[in-house]
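Shown next, in structure tokens, is the structure this report addresses.
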Amino acid sequence: MLKAVIFDMDGVLINSEPYYLQQRLDYFKLLGIDVSDEHVQNMTGGNMKIALPQLLPGKTTAQYDRIRRGYRYFKSQHPQDFNAMLMPDTRRVLQHLKEQNIRMALASSSDRQTINTMLATTGLKEYFETTLSGEDFERSKPDPSIYLTALEKLAIDAKDAAAVEDSEMGIAAAKAAGIFTFAVAVDDPRVATDQSQADYRLRKLGQLPGAVTLMRGHLQ
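Using UniProt numbering, count along the sequence shown one by one with no gaps and you end on 220.
And the structure:
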């Protein structure tokens with residue numbers, strides 16, 4: 001029986017991907033780095049730890065760390081409005097799941113500071129028993145570590161959980177952990193995300209409660 005839902009953050013709870021993508025492009029432009037369409041795709045659903053070696057191969061760990069520190073400073077000087085980014089149905093969906101006694105966790109590739117700021121400014125922190133950041137792990141999505149750890153912290157089996165993702169890497173991570181995966185459609189013409197590996201595709205997050213009800217009925 002479905003006991004918990006593990007959410008990705010960016011592109012699922014908040015419509016942040018277009019904002020983040022533009023912010024990263026602006027930062028790289030400041031550094032004089034051209035970003036190809038292929039690298040734009042690789043930035044979606046991941047983090048700078050993944051993007052930098054692909055965009056700038058051959059650099060040392062110290063050089064990558066310096067660029068990431070510069071990006072963190074750049075972000076601090078250009079803060080995002082997370083309330084403006086909230087998906088229209090986010091609060092309703094989380095409240096519905098809470099009322100149905102479905103436990104919730106957050107498993108995002110974003111850095112811990114961004115996650116904490118988003119949860120604090122939007123008031124969504126109360127809904128999640130545990131929150132995990134890509135910074136907590138040596139390997140980022142599509143590696144399943146973040147989802148396996150979420151299951152461990154929730155003390156449930158993969159068969160009793162569902163994941164909600166939007167990116168190809170996130171879907172792959174959840175599936176590799178053995179979790180039933182919902183995919184929320186990506187509404188950004190710059191991003192052609194392959195969601196074919198998801199178990200169930202949603203046009204928008206607001207469809208999740210109905211899909212979860214059907215899923216619970218099927219598993220009972």
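We treat Cβ as the ideally placed atom computed from N, Cα and C, and that holds for glycine.
Keep in mind that this is a model prediction, so the values were computed, not measured.
Worksheet item: With distances taken between CB atoms, is the gap from D194 to E168 smaller than 7 Å?
Response: yes
Discussion item. Since A162 and I179 should fall inside the 8 Å C-beta cutoff, what is the C-beta to C-beta distance between them, to a whole number of angstroms?
Written reply: 7 Å
Worksheet item: Alpha carbon to alpha carbon, how far is L106 from L214?
Response: L106 and L214 have their C-alpha atoms spaced approximately 22 Å apart.
Worksheet item: Hey, is the stretch 113–120 in contact with the stretch 143–151, meaning 3+ C-beta pairs nearer than 8 Å?
Response: no
Worksheet entry | Limits of the beta strand (DSSP E) - the one that S108 falls within | R103 to S108
Worksheet item: For G32, which option in A174, I67 and P209 has the closest C-alpha, if you only look at C-alpha atoms?
Response: I67
Worksheet item: Can residue 259 and T122 be called in contact, C-beta distance under 7 Å?
Response: Nothing about residue 259 can be read from this structure; the chain reaches only from 1 to 220.
Discussion item. On a Cα-Cα basis, can you pick out the residue from M48, A150 and Q22 that is closest to D8?
Written reply: Minimum Cα distance to D8 is reached at A150.
Worksheet item: Sorted by chain position, which residues of the same chain lie with C-beta nearer than 8 Å to F137's C-beta, five sequence neighbours on each side aside?
Response: Hits under 8 Å: D143, S145, I146 and T149.
Worksheet item: Name the DSSP bridge partner or partners of residue 233?
Response: Residue 233 lies beyond the stretch modelled for the chain, which goes from 1 to 220, so this question has no answer here.
Worksheet item: Between the beta-carbon of V184 and the beta-carbon of L205, is there less than 7 Å?
Response: yes
Worksheet entry | Among E152, E135 and R91, nearest to E126 - alpha-carbon criterion | R91
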